[in-house]
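Below is one structure, written out as structure tokens; the observations come after it.
Residue numbers (my numbering): 5 to 280.
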């Protein structure tokens, strides 16, 4: 039987190995150096890493690659045109972690609303707070969810359970959703602006100084999409001037965010470190 070589991450070995058919000959990589070394053998590949330089080098070296699989929903970091020209089939994890990401987003929104950061700090000091740090509630608030795919829909479903009125903004208007060019004019109506859309050339800096200025002064920007969608310099300025009420960022540019970056310094900026 002719074997097909699959170069796969060792962290998934326990789950994958019992499921592999006999015609798959697996090679397991633990780190980027091993991935690059094994890449020339790969006909099937799973090359996901947080840092992208070595996976991209592995793709370049994997001249016999027929199928590249990624657990990431976003594949904008991949050389898509090159893969297409080489005839490499690509699969991704769109929707795979939608519930998990949505739970992370709602958790962070609750933490922001209820002042969980201040509560945890008081707990670590052994200090009994006499009153809650904030009286903000999710119930009765309004959220604009920009991007209404699997993650956005899960966020809306979960927020609905907390009494949040959710409005979708998507690439096409209709069925209660705002279309392109419509939601920007209504930014001032919402307490939360939640980003769950793909990162593309068209969405780069979709949220800039103008959009931040149009938001309510106590509104919170929630980004669980791509760092490029937000003009980070404009967001930093908006937080520094208290132009908006806060930000919840699962993404940042660069990643990891340097310890001396000003975004770390804002009490009303919660950074979840791309852990969702």
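Ideal Cβ positions, reconstructed from N, Cα and C, are used throughout, including at glycine.
It should be emphasised that the depicted structure is a prediction, and the values quoted were computed from it without experimental measurement.
Local Cβ density within 10 Å of residue i, reported as buried at 16 or more and exposed below that
i: residue 74; result: buried
i: residue 102; result: buried
i: residue 222; result: exposed
i: residue 124; result: exposed
i: residue 145; result: buried
i: residue 176; result: exposed
i: residue 230; result: buried
i: residue 182; result: buried
i: residue 66; result: buried
i: residue 207; result: buried
i: residue 5; result: exposed
i: residue 49; result: buried
i: residue 147; result: buried
i: residue 236; result: buried
i: residue 16; result: exposed
C-alpha gap between residue i and residue j, whole angstroms
i: residue 258; j: residue 171; result: 30 Å
i: residue 60; j: residue 98; result: 20 Å
i: residue 82; j: residue 11; result: 17 Å
i: residue 274; j: residue 115; result: 9 Å
i: residue 169; j: residue 266; result: 32 Å
i: residue 79; j: residue 184; result: 23 Å
i: residue 31; j: residue 9; result: 7 Å
i: residue 58; j: residue 100; result: 24 Å
i: residue 252; j: residue 272; result: 8 Å
i: residue 40; j: residue 180; result: 48 Å
i: residue 254; j: residue 111; result: 12 Å
i: residue 243; j: residue 250; result: 7 Å
i: residue 85; j: residue 55; result: 21 Å
i: residue 113; j: residue 77; result: 22 Å
i: residue 64; j: residue 256; result: 27 Å
i: residue 264; j: residue 96; result: 34 Å
i: residue 262; j: residue 26; result: 46 Å
i: residue 246; j: residue 53; result: 36 Å
i: residue 209; j: residue 7; result: 46 Å
i: residue 268; j: residue 22; result: 43 Å
Residue i (DSSP reduced to helix, strand or coil)
i: residue 95; result: strand
i: residue 47; result: coil
i: residue 275; result: strand
i: residue 261; result: coil
i: residue 19; result: helix
i: residue 106; result: helix
i: residue 233; result: helix
i: residue 13; result: strand
i: residue 77; result: coil
i: residue 146; result: strand
i: residue 211; result: strand
i: residue 121; result: helix
i: residue 252; result: strand
i: residue 101; result: coil
i: residue 361; result: Lying before the first or after the last residue shown, residue 361 is absent from the chain, which here runs from 5 to 280.
i: residue 196; result: strand
i: residue 71; result: strand
Proximity of residue i and residue j at Cβ, strictly below 8 Å
i: residue 280; j: residue 109; result: yes
i: residue 197; j: residue 219; result: yes
i: residue 151; j: residue 199; result: yes
i: residue 72; j: residue 51; result: yes
i: residue 105; j: residue 194; result: no
i: residue 211; j: residue 234; result: yes
i: residue 149; j: residue 173; result: yes
i: residue 62; j: residue 37; result: no
i: residue 46; j: residue 69; result: yes
i: residue 14; j: residue 34; result: yes
i: residue 203; j: residue 232; result: yes
CB contact check: residue i to chain C, cutoff 8 Å
i: residue 33; result: You won't find chain C in this structure, because it holds only one protein chain.
Distance cut-off 7 Å: residue i Cβ against heavy atoms of the ligand NAD
i: residue 8; result: Ligands are entirely absent from the displayed structure, and the ligand NAD is therefore not among its contents.
Indicate whether the contact test is met: 3 or more Cβ pairs, each with one atom in the region 82-100 and one in the region 130-141, closer than 8 Å. At 8 Å Cβ cutoff, the stretches do not touch.
Does the region 177-188 come into contact with the region 117-133, if we say contact requires no fewer than three beta-carbon pairs (one atom in each stretch) closer than 8 Å? Per the Cβ contact rule, the region 177-188 is not in contact with the region 117-133 (fewer than 3 Cβ pairs under 8 Å).
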